[in-house]
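Quick note, the sequences are listed as chains A and B, same order. The opening position of the first sequence corresponds to residue 1091 in my numbering, with each subsequent residue numbered one higher. The opening position of the second sequence corresponds to residue 1091 in my numbering, with each subsequent residue numbered one higher.
2 protein chains.
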Amino acid sequence: MSIDPEDLALRDALVRSSFEVMGRLSRLAAEEGMSLTQLRVLGVLRDRRPRMAELAQGLGLDRSSVTGLIDRAQAKGLVERVAEEGDGRGVRVVLTAEGQRVAALLADRVSELLADAVAPLSPAMKRSLREGLEATFVSGF
Amino acid sequence: MSIDPEDLALRDALVRSSFEVMGRLSRLAAEEGMSLTQLRVLGVLRDRRPRMAELAQGLGLDRSSVTGLIDRAQAKGLVERVAEEGDGRGVRVVLTAEGQRVAALLADRVSELLADAVAPLSPAMKRSLREGLEATFVSGF
DNA sequence: GGATATGATTGGGAACACGAACCAAAGGAG
DNA sequence: CTCCTTTGGTTCGTGTTCCCAATCATATCC
């Protein structure tokens, strides 16, 4: 149990900023007619073609949840399931052309959103922020 | 549209770390028999007694969502609704004694979880990380 | 007093996430 | 080759979350 005020402040900053970023991304996603989780999946699929179970693991979700998620994204024409060569059970998830277009658009919009927020920081602070986050919480997808 | 590699890297770090923190807090909450959002509400109510609409605004949620949220937390004995003096419509939300106990326990557990993650950082990096986050994404509750 | 605004709730619907169960395919041992 | 176990993905049930529209009681203002 940590009682160092600096540690408590960092804890609060991490928690609150994460909820804030999630909230902002959620609202951006809603403007594009989708949910936060779908926005996340599109981002992941921009440069990957994972199997369903790989996707579930990378997202930290239950496999059944991913099935539903991909069902809905597929219904919107954003992704498709591709049979895996050499494994009759295997399903890979890939973006459709429309999915790629939407994913690129979203990436740009996210970039703008976050760039606006970090604009007050100096280049050194930005780099320091990035390095701190990468050293601690960047894992999975 | 930003194409500076440093900015793209920061964007990715922010997005991925936020999802990661959310995922970790979600799992911690589940271990304590509650959802991420309930964990968040308990944290907020530790040092506030907001009206329902204030709570909705601070959380960035629709008022009706907050009604459901507080209903469930109340059903678990964690919070209670208190009539507002001088306003027949007003409802304040406060932690019960049990809610306070659980909220304190959660806060400690969150502290441990995050302290473990930031342990690799130097004190200077921790401060830099906190300051960067506070200058950019810490708002609302 | 009447009209308008405000605060909280109710109800409907969609998305999400977990866990259990299921089925087909794959892998391994005898 | 046969049988058993594991793996991959899906289906189903349940609870939570979140938004929107509508409702009702209270408050505010002219």
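Where is the CB? At the ideal position from N, CA and C, for every residue including glycine.
Quick one: which chain B residues come within Cβ less than 8 angstroms of residue i?
i                 : result
LEU1118 (chain A) : None at all; the shortest Cβ gap to chain B is about 11 angstroms.
ALA1103 (chain A) : LEU1219, ARG1220, LEU1223, GLU1224, VAL1228
For a contact defined as C-beta to C-beta under 9 angstroms, what are the partners of residue i on chain B?
i                 : result
ASP1097 (chain A) : SER1201, LEU1204, ALA1205, VAL1208, LYS1216
Considering only C-alpha positions, which residue in the set the options is nearest to residue i?
i                 : options                                    : result
ARG1153 (chain B) : B:ASP1161, B:GLU1121, B:ALA1143            : B:ALA1143
GLY1133 (chain A) : A:ALA1163, A:SER1155, A:VAL1105            : A:ALA1163
VAL1181 (chain B) : B:GLU1188, B:GLY1189, B:ALA1187, B:VAL1172 : B:VAL1172
THR1127 (chain A) : A:GLY1158, A:ASP1102, A:ARG1138, A:ASP1137 : A:GLY1158
PRO1095 (chain B) : A:PRO1213, A:ALA1225, A:VAL1228, A:ARG1138 : A:PRO1213
ARG1130 (chain B) : A:ALA1209, A:ARG1217, A:ALA1205, A:LEU1104 : A:LEU1104
SER1229 (chain A) : A:ALA1197, A:LEU1149, A:ALA1119            : A:LEU1149
GLY1178 (chain A) : A:ARG1141, A:VAL1200, A:VAL1184            : A:ARG1141
ALA1119 (chain B) : B:LEU1145, B:GLN1190, B:VAL1200            : B:VAL1200
ARG1139 (chain A) : A:GLU1121, A:ALA1207, A:GLU1170            : A:GLU1170
GLU1233 (chain B) : B:VAL1183, B:LYS1216, B:LEU1203, B:LEU1211 : Here chain B covers residues 1091 to 1231 and nothing more, so residue 1233 (chain B) does not appear.
LEU1168 (chain A) : A:VAL1208, A:ASP1161, A:THR1186, A:ILE1093 : A:THR1186
MET1215 (chain A) : B:ASP1206, B:LEU1211, B:ALA1225, B:ALA1209 : B:ALA1225
ARG1114 (chain A) : B:GLN1190, B:ALA1209, B:LEU1151, B:SER1155 : B:LEU1151
GLN1190 (chain A) : A:PRO1210, A:LYS1166, A:LEU1211            : A:LYS1166
So which residues of chain B does residue i contact, with C-beta pairs closer than 7 angstroms?
i                 : result
LEU1211 (chain A) : GLY1222, ALA1225, THR1226
GLY1150 (chain A) : GLY1113
Quick one: using the 10 Å Cβ neighbour count with 16 as the cut-off for buried, is residue i buried or exposed?
i                 : result
SER1107 (chain A) : buried
GLY1222 (chain A) : buried
LEU1195 (chain A) : exposed
SER1218 (chain B) : buried
GLY1176 (chain B) : exposed
GLU1188 (chain B) : exposed
Residues of chain A with CB closer than 7 angstroms to the CB of residue i, please, in chain order.
i                 : result
SER1108 (chain B) : SER1108, VAL1111, MET1112
LEU1159 (chain B) : Those do not exist, as LEU1159 (chain B) stays about 14 angstroms from chain A at its closest Cβ, beyond 7 angstroms.
LEU1145 (chain B) : Within 7 angstroms Cβ-Cβ: nothing; LEU1145 (chain B) doesn't reach chain A, min ~14 angstroms.
Please list, in chain order, the chain A residues whose beta carbon lies closer than 8 angstroms to that of residue i.
i                 : result
VAL1156 (chain B) : By Cβ distance, chain A contributes nothing, its closest Cβ being about 14 angstroms from VAL1156 (chain B), past 8 angstroms.
Can you tell me the Cβ-Cβ gap for residue i and residue j, rounded? I've got them flagged as a contact below 8 angstroms.
i                 : j                 : result
ALA1099 (chain B) : ARG1101 (chain A) : 25 angstroms between Cβ atoms; not a contact.
MET1112 (chain B) : MET1124 (chain A) : Contact flag wrong, Cβ pair sits at about 18 angstroms.
ALA1197 (chain B) : ARG1136 (chain B) : 7 angstroms
PHE1231 (chain A) : ALA1207 (chain B) : Actually they are not in contact, since the Cβ atoms of PHE1231 (chain A) and ALA1207 (chain B) sit about 18 angstroms apart, beyond 8 angstroms.
LEU1145 (chain B) : VAL1183 (chain B) : 6 angstroms
ALA1205 (chain B) : ASP1161 (chain A) : At roughly 39 angstroms, the Cβ-Cβ gap does not stay under 8 angstroms, so ALA1205 (chain B) and ASP1161 (chain A) are not in contact.
- Message: Can you pull out the residues from the region 1164-1196 of chain B whose beta carbon lies closer than 7 angstroms to at least one beta carbon of chain A?
- Response: Those residues of the region 1164-1196 of chain B that come within reach of chain A (Cβ to Cβ, closer than 7 angstroms) do not exist; the list is empty.
- Residues, ordered as in the chain, of the region 1125-1136 of chain B that lie near chain A by beta-carbon distance below 8 angstroms: Hits within the stretch, in order: ARG1130, GLY1133.
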